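So the sequence shown is residues 197 to 355, counted in our numbering. Using N, Cα and C, we set each Cβ at its ideal position, and we do this for glycine too. If you're wondering where the values come from, they're calculated on a predicted model, not measured in any experiment. A short worksheet on the structure shown next.
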Amino acid sequence: MPKGKKAKGKKVAPAPAVVKKQEAKKVVNPLFEKRPKNFGIGQDIQPKRDLTRFVKWPRYIRLQRQRAILYKRLKVPPAINQFTQALDRQTATQLLKLAHKYRPETKQEKKQRLLARAEKKAAGKGDVPTKRPPVLRAGWVEEGLHLSAKSRLSAQMKL
197 MPKGKKAKGK KVAPAPAVVK KQEAKKVVNP LFEKRPKNFG IGQDIQPKRD LTRFVKWPRY
257 IRLQRQRAIL YKRLKVPPAI NQFTQALDRQ TATQLLKLAH KYRPETKQEK KQRLLARAEK
317 KAAGKGDVPT KRPPVLRAGW VEEGLHLSAK SRLSAQMKL
């Protein structure tokens, strides 16, 4: 509502007066002319409006806003979306070197380990079960908890 405009209510009919009092007439100065304001269309300055939608924004701002909207609207499958949060190259190489140390043993390594155990047993030194080397297990948290419950967990990491 523009400044100076007041809400108009319904006028109530005056109570019927038995005797009407004579009102004193106010003295009006003829030099001051009454000019009531008309707030209709074209009679007053329109209020300030938010024109940000009609601004010609720079290209880079338009692009980044459109990109943000597309990313919000676009449904990306989780299998693909996981690559938006990849490690940087240096950290990734360190992680992969660490994971390489704890990779599962190959068939040849297992065969050598069991052959060495069999030779010791054949030599009569007693059968001492060889422990499996610690292995990095990839997977979900539930799988890691399951492994730790079996006390087989040495190192767990979700890759």
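Would the beta-carbon of residue i fall within 8 Å of that of residue j?
| i | j | result |
| --- | --- | --- |
| L332 | R285 | no |
| L283 | L291 | yes |
| D309 | T287 | Note that residue 309 corresponds to Arg in the displayed sequence, not to Asp. Their beta carbons are not under 8 Å apart, which means R309 does not touch T287 by this criterion. |
What residue range does the alpha helix (DSSP H) around residue i cover?
| i | result |
| --- | --- |
| I276 | 274–277 |
| R249 | Unbroken run through R249: none, as it is neither H nor E. |
| R263 | 255–269 |
| L311 | 303–319 |
| Q218 | Premise fails: Q218 is in no alpha helix (DSSP H) and is neither H nor E. |
Less than 6 Å between C-beta atoms, sequence neighbours within five positions excluded: which residues of the same chain meet that for residue i?
| i | result |
| --- | --- |
| P210 | none |
| K354 | Low per-residue confidence applies at K354: pLDDT is 45, beneath 50, and the placement is therefore not dependable enough to give any value. |
Would you check whether the ligand COA has a heavy atom nearer than 7 Å to the C-beta of residue i?
| i | result |
| --- | --- |
| T280 | For the structure depicted, the ligand COA is absent and the ligand set is empty, with no information on it obtainable. |
Could you compute how far the alpha carbon of residue i sits from the alpha carbon of residue j?
| i | j | result |
| --- | --- | --- |
| K317 | P329 | 20 Å |
| N277 | Y267 | 11 Å |
| L311 | E301 | 15 Å |
| K207 | F228 | 28 Å |
| R231 | V223 | 18 Å |
| K244 | K233 | 19 Å |
| K252 | R258 | 9 Å |
| G205 | E219 | 25 Å |
| F235 | Y256 | 42 Å |
| Q281 | L294 | 20 Å |
| K303 | A319 | 24 Å |
| P274 | I265 | 19 Å |
Please return the same chain residues whose Cβ sits closer than 8 Å to the Cβ of residue i, not counting the five positions on each side in sequence.
| i | result |
| --- | --- |
| K321 | none |
| V324 | R313, K316 |
Between the Cα of residue i and the Cα atoms of the options, which residue gives the shortest distance?
| i | options | result |
| --- | --- | --- |
| A334 | L247, D323, H296, F228 | H296 |
| R249 | I241, R261, G238, D240 | R261 |
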